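Residues in the sequence shown are numbered consecutively from 1, following UniProt numbering.
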Amino acid sequence: MDIEFLKTSILDFVQAHRTYAPFVLGLMTFGESLAFVSLVLPTMTILVSVGFVLAAADIPFWQAWVGAACGGFLGNWVSYSIGRRYKKTAYLIWPLSRHPHLIVRGETFFQRFGPWAVFLGRFFGPLRAVIALVAGIFMMPGVLFQAANLASASVWAFVILAPGAGLAHRLLW
């Protein structure tokens, strides 16, 4: 298979469906930020390359960024809600039940950094899967959680998309 054909096919597909790009990005970051799902479907490498594809397809960066930030925000919010509702019984759900070391790391990290753990944890792959859940289990106040969640989702979405978008603009224009 010709690499040029593959590149052209992907760009043509993304350009033809550009209105769905923020929604698809939101779904990807939702899954990446949701406890349990992010352990099974790690999409970080895909998300970094998506920034390049979106820029090459002339999709405005701000639209991609908003979609990615919203998905990340909602994924953590759902994880936090699960933690508040089900407490430590959430640890028994697969695939988290297969990774007890992540639970210990998440709890230790949360106890050490408090509200900052929600912000910082999003940037560390394994912690991203459990930190919002742990915040809910430890009954972190909702307003404080949402403030850290929104701030971290906004910064994280920029950090994962900007390198690819910047590289695309540098290489293609």
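Ideal placement from N, C-alpha and C gives every residue a C-beta, glycine not left out. Note that this is a predicted model, so its numbers are computed, not measured.
Quick one: Cα of residue i to Cα of residue j, how far?
i: residue 112; j: residue 75; result: 23 Å
i: residue 100; j: residue 5; result: 45 Å
i: residue 139; j: residue 145; result: 10 Å
i: residue 157; j: residue 72; result: 8 Å
i: residue 109; j: residue 80; result: 16 Å
i: residue 121; j: residue 149; result: 10 Å
i: residue 166; j: residue 60; result: 12 Å
i: residue 8; j: residue 48; result: 19 Å
i: residue 114; j: residue 107; result: 10 Å
i: residue 117; j: residue 128; result: 10 Å
Tell me, to the nearest whole angstrom, how far the beta carbon of residue i is from that of residue j; I am working on the premise that it is less than 8 Å.
i: residue 28; j: residue 43; result: 5 Å
i: residue 90; j: residue 63; result: Not quite, the Cβ-Cβ distance comes to about 34 Å (not below 8 Å), so this is no contact.
i: residue 18; j: residue 57; result: 6 Å
Determine the closest residue to residue i out of the options, with distance taken between C-alpha atoms.
i: residue 130; options: 145, 103, 152; result: 103
i: residue 137; options: 78, 118, 83; result: 83
i: residue 16; options: 38, 37, 54; result: 54
i: residue 35; options: 58, 93, 14; result: 93
i: residue 68; options: 56, 30, 57; result: 30
i: residue 133; options: 88, 65, 150; result: 88
i: residue 125; options: 58, 91, 21, 37; result: 37
i: residue 152; options: 141, 123, 142; result: 123
i: residue 143; options: 77, 18, 14; result: 77
i: residue 161; options: 96, 66, 41, 98; result: 66
i: residue 86; options: 135, 127, 98, 119; result: 135
i: residue 163; options: 119, 50, 106; result: 50
i: residue 235; options: 52, 147, 12, 14; result: Lying before the first or after the last residue shown, residue 235 is absent from the chain, which here runs from 1 to 173.
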